[in-house]
Structures are given as C-alpha cells and as structure tokens.
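> Mind having a look at this structure? Questions to follow.
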Amino acid sequence: MAATVGLKSHIWNNNLRSVILLILYPVLLMVMVWAICLVIGMSMEGQYQVKNQPDPMFFANAILMEYWPTILTVVLIWFAISWFFHTSMIRKLSHSHPVSRTEEPELYNLLENLCISRGIKMPRLEIIETHARNAFASGIDDRSYSITVTRGLMNSLTRDEMEGVLGHELTHIINRDVRLLIITVIFTGMFGFAAQLVWSSIRYRVFYTHGRRDNNGGIVVVVFMIAIILWLGYLATLLMRFALSRHREYMADAGAIELTRNPEAMMRALMRIAGRDRIPQTTDDIAMMCIENHVPFLGLFATHPPIEARIRAISETTGTPIPELPHSGPAPKEEAFAALQEERERPNPWLTRGRRI
Numbered sequence: 379m380a381a382t383v384g385l386k387s388h389i390w391n392n393n394l395r396s397v398i399l400l401i402l403y404p405v406l407l408m409v410m411v412w413a414i415c416l417v418i419g420m421s422m423e424g425q426y427q428v429k430n431q432p433d434p435m436f437f438a439n440a441i442l443m444e445y446w447p448t449i450l451t452v453v454l455i456w457f458a459i460s461w462f463f464h465t466s467m468i469r470k471l472s473h474s475h476p477v478s479r480t481e482e483p484e485l486y487n488l489l490e491n492l493c494i495s496r497g498i499k500m501p502r503l504e505i506i507e508t509h510a511r512n513a514f515a516s517g518i519d520d521r522s523y524s525i526t527v528t529r530g531l532m533n534s535l536t537r538d539e540m541e542g543v544l545g546h547e548l549t550h551i552i553n554r555d556v557r558l559l560i561i562t563v564i565f566t567g568m569f570g571f572a573a574q575l576v577w578s579s580i581r582y583r584v585f586y587t588h589g590r591r592d593n594n595g596g597i598v599v600v601v602f603m604i605a606i607i608l609w610l611g612y613l614a615t616l617l618m619r620f621a622l623s624r625h626r627e628y629m630a631d632a633g634a635i636e637l638t639r640n641p642e643a644m645m646r647a648l649m650r651i652a653g654r655d656r657i658p659q660t661t662d663d664i665a666m667m668c669i670e671n672h673v674p675f676l677g678l679f680a681t682h683p684p685i686e687a688r689i690r691a692i693s694e695t696t697g698t699p700i701p702e703l704p705h706s707g708p709a710p711k712e713e714a715f716a717a718l719q720e721e722r723e724r725p726n727p728w729l730t731r732g733r734r735i
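In terms of my numbering, the sequence shown is residues 379 to 735.
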C-alpha cells in the first residue's frame, strides 16, 4: 500500500511539474526579452538628441507590454507543432524504426508480458541499428508512448537483463517521466532556436547596419551583454533539465526491480551498458532520455547519476550483493538474448514448402 501511495505521489508530482514548466518557460523567455530590451535601451540612452527620451527601464517595459502577445503566440505555435509531431522528430533524430511481433518476437513478448503484469497498454517498440548499448522511452499519451532499444543492447544482454531494461523504460512511462521530458526538450529547443535567431540578427546589425559608424566599441559591449543574457537563459533551461532527470533514474531502477523481481539482472544490465552507451550521430536531447548518458568532466552537466551509484543503490535497498562481472562486454553466447534471434532465423526442419507438418 505504501509503495502504491508513493507511486501515485510521484506521478502527481510529475504532472504538477509539467504544468509548472508550461508556465515557467514562457515567463523565462519574456524575462530574457525584457533584459535584452533593457540593454538596448541603455545603449541608446544619450545617443540621440530627443526631448523627454524614455529611460531604459521604461523602454524595456513598453516593448514587453507591446509584444508579449506575439511572444506568447510564438511559444504556443512552437509547442503545438512539437507536441503533435514529436514522434516523427524523435524517430528522425534517433534513426530508429518500429518493429512488430513478427520481426522481433522475443523482444516483443518480453515487453508485452511486462505490460500485462501491470495492466497497461503496450507501447510501440522501436530499434536503432547501432552497436551502442542503450534504450529510452518517449511519448506523451497512450497513443504515442514508445520504447526504443539499440541493436547493440540486444546483442549484449541476457534475457533477464533485457527484461530489466524494458522494465526500467516502462516505469518511465508509468510514472509520466517521459511526458515531463518531452515538455522539457520542446522548450529547451525553443530557447536554442531563439538564441540562434537573435544572435543572427545581432550579427547582421553589427556587420552591415552599423559597420561604418564610430560607435563600434559600444556595439561590441551591447552584443557581449546580450550574448550573456542568452547564455544565462539557455543555462537556466539546462539546469531545469538536469534537476528533473537525475532522481527519475533511481525511481525507474526501483520500478524495474518491482516489475521483474530480479535486482541482480538489473545490476548486470547496467554493468554491461557502462561505457558503451553513446549512440552515434544523435543529439543531447535524445541522449538525455536514454537509460544511461555518460558525461565526462566530473559529470558537471550529467543528466543521469553515475552507474556505480545506481548499482550501489540497488544493492543496498534490496540486500542483493553486487554481481561479479569482469568486464562490460557481451553476455556469454549461450546466454545472450541475441542467441534467441539466431535460433529463430535457422531453418526449421518441421516446415515444408512454407507449411507446418
């Protein structure tokens, strides 16, 4: 009962955070626009001999009051486009493709059994053809939820380890983590796009409009200050992402163990994934959603806790000793999940001309 209450509280908190993010990101964007207008107003002060010239604060407030409906409209349009087309966007960015029961029966059955045990609709199953070992969940509702795994992961894990990974990703869907992440990715992308747009406009004005004036030094200062504002705004969105990401991985590990009743398999899966998680030619937004996203440089901007810490947490909370795994290479051939795929592809002696005897 306590676990159920805790899970419901976590889901409720994630839904609340989603609403807060929907409000906070547009507000943060307006604050950035106001700060940029303030800098522009300060740079214009005293340059023109105009009576009753407004002070920079009044100038920034006036611009924001005039254009805030436009800013909000742009935000809503961006959000709507990303919301309705995020599935195709993620598929294109991750280079994944959907698979059916016929194509991957063992993997499909593993996920289906986990969904049946929880009484939930099965998400769409997709695969990335890469040697990397990783997986992620995405989507905003039952119609768009999906779980994506890499071919390298399938070739490296045993059946019970793969079940643990699928349970981890399924827990992200149950806990509504994926919806929260999609909202975060949408708005972070919007801030990045806005920063590029403003920066391109600034460069044009500096090098073409004001290139022959004598106040180039002042323009450089203005550009530098605006660049700082843009950087701080983008950094704020990144910090929000990091704060939302770290805790959810521990929750998903715990949820996977609750589904599979096999903490040792979950620890072994994390060990095999460690150091082999980077998916080539993918974006940071996709990497953030994966089961592991190793970040060098002391993990300063890590979206995931270290795998060592996650394994230690599983061991301590379940009382299961950390398994011995001399390296993070593939599982033994006779135990590998991929061996099931090879067995399925062998000619069946009980088939004659496409018909079963």
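The C-beta atom is built at its ideal place from N, Cα and C for all residues, glycine as well.
1) Looking at N512: is its Cβ nearer than 8 Å to the Cβ of I669?
2) Can you say whether R357 is buried or exposed, counting buried as having 16 or more other CB atoms within 10 angstroms of its CB?
3) Do the stretch 501-518 and the stretch 650-670 touch if we need at least three Cβ pairs shorter than 8 Å?
4) In this structure, does DSSP put H682 in helix, strand or coil?
5) For T451, name the three-state secondary structure that DSSP assigns.
6) Based on the DSSP secondary-structure assignment, which residues constitute the bridge partners of C493?
7) Could you check what DSSP says for L535 in three-state terms: helix, strand or coil?
8) My assumption, with CB atoms under 8 Å, is that T549 sits in contact with S472. Please give the rounded CB distance.
9) For E504, report the span of its beta strand (DSSP E) as first-last.
10) Leaving aside the five residues before and after K499 along the sequence, list all residues of the same chain whose C-beta is less than 6 Å from its C-beta, in chain order.
11) Since P476 is in the beta strand (DSSP E), which residue starts that stretch and which ends it?
12) Could you round the C-beta distance between L454 and M408 to whole angstroms and report it? I think they count as a contact, below 8 Å.
13) Taking its Cβ as the centre, do 16 or more other Cβ atoms sit within 10 Å of E721, making it buried, or is it exposed?
14) Assign P404 to buried or exposed, taking buried as 16 or more other Cβ atoms, counted over all protein chains shown, within 10 Å of its Cβ.
15) Candidates G697, A458 and M435: which alpha carbon is nearest M422's?
16) Under the three-state reduction of DSSP, which class applies to A515: helix, strand or coil?
17) Measuring only the C-alpha atoms, how far is F675 from I560?
18) DSSP puts T526 in a beta bridge; with which residues?
19) Can you name the start and end residues of the alpha helix (DSSP H) that A665 belongs to?
20) With a threshold of 16 other CB atoms inside 10 Å of the CB of P501, please say whether the residue is buried or exposed.
21) Could you tell me if T661 is buried or exposed, where buried requires 16 or more neighbouring beta carbons within 10 angstroms of its beta carbon?
22) Could you give the distance in angstroms between the alpha-carbon of G611 and the alpha-carbon of W446?
23) Using the Cβ count rule (16 or more neighbours within 10 Å means buried), how would you classify S524?
24) To which residues of the same chain is R479 closer than 6 Å at the C-beta, ignoring the five residues directly before and after it?
25) I651 lies in the alpha helix (DSSP H); which residues open and close that run?
26) How long is the line joining the alpha carbons of R646 and L416, rounded to whole angstroms?
27) Below 8 Å between beta carbons: does that hold for H546 and I505?
28) What separation, rounded to the nearest whole angstrom, lies between the Cα atoms of E642 and E481?
29) Based on Cα-Cα distance, which residue from H682, M644 and T638 lies nearest to P699?
30) Is it true that the CB of Y628 sits closer than 8 Å to the CB of R688?
31) Is H625 helix, strand or coil when you go by DSSP?
32) Suppose contacts are defined by Cβ-Cβ distances below 8 Å. Is G633 in contact with I692 by that definition?
33) Would you report the Cα separation of F514 and I651, rounded to the nearest angstrom?
Judging by the given coordinates:
1) For N512 and I669, yes; Cβs fall inside 8 Å.
2) There is no way to answer for residue 357, as the model of the chain reaches only from 379 to 735.
3) These segments touch.
4) H682 falls in the coil class under three-state DSSP.
5) Correct three-state label for T451: helix.
6) Answer by DSSP bridge pairing: none, since C493 is not bridged.
7) Per DSSP, reduced to three states, the secondary structure at L535 is coil, with no helix or strand assignment.
8) That pair is no contact at about 20 Å.
9) It spans R502 to I506 - the beta strand (DSSP E) in which E504 sits, taken as one unbroken run.
10) Apart from sequence neighbours up to five positions away, the residues of its chain that approach K499 with a beta-carbon distance below 6 Å are D520, ordered along the chain.
11) Run containing P476: S474 to P476, per the beta strand (DSSP E) assignment.
12) The pair is not a contact, with the Cβ atoms about 13 Å apart (cut-off 8 Å).
13) Here the model assigns E721 a pLDDT of 47, short of 50, so the residue's position is not dependable and the matter cannot be decided.
14) When all chains shown are included, P404 counts as buried.
15) Of the candidates G697, A458 and M435, the residue whose Cα lies closest to the Cα of M422 is M435.
16) In the structure shown, A515 falls within a strand segment according to DSSP collapsed to helix, strand and coil.
17) With a pLDDT of only 49 at F675, under the threshold of 50, the placement of this residue in the model should not be trusted; the figure read from the coordinates follows. Cα to Cα, the separation comes out at about 26 Å.
18) Bridge partners of T526: E504 and F514.
19) For A665, the enclosing alpha helix (DSSP H) begins and ends at D662 to M667.
20) Answer is buried; the Cβ neighbour count reaches 16.
21) Here T661 is exposed. Its C-beta has fewer than 16 other C-beta atoms within 10 Å.
22) Computed Cα separation, rounded: 17 Å.
23) Counting Cβ neighbours within 10 Å, S524 comes out buried, since at least 16 surround it.
24) Around R479: Y486.
25) DSSP places I651 in the uninterrupted alpha helix (DSSP H) bounded by P641 to I651.
26) Taking the straight line from one Cα to the other gives about 55 Å.
27) Against a cut-off of 8 Å, the Cβ pair of I505 and H546 comes out as no contact.
28) Using only the alpha carbons, I get a separation of about 29 Å.
29) It is M644 whose Cα lies nearest to the Cα of P699.
30) For the 8 Å CB-CB criterion, R688 and Y628 form a contact.
31) In this structure, H625 counts as helix in the three-state DSSP scheme.
32) The answer is no: Cβ separation not under 8 Å.
33) Roughly 13 Å between the two C-alpha positions.
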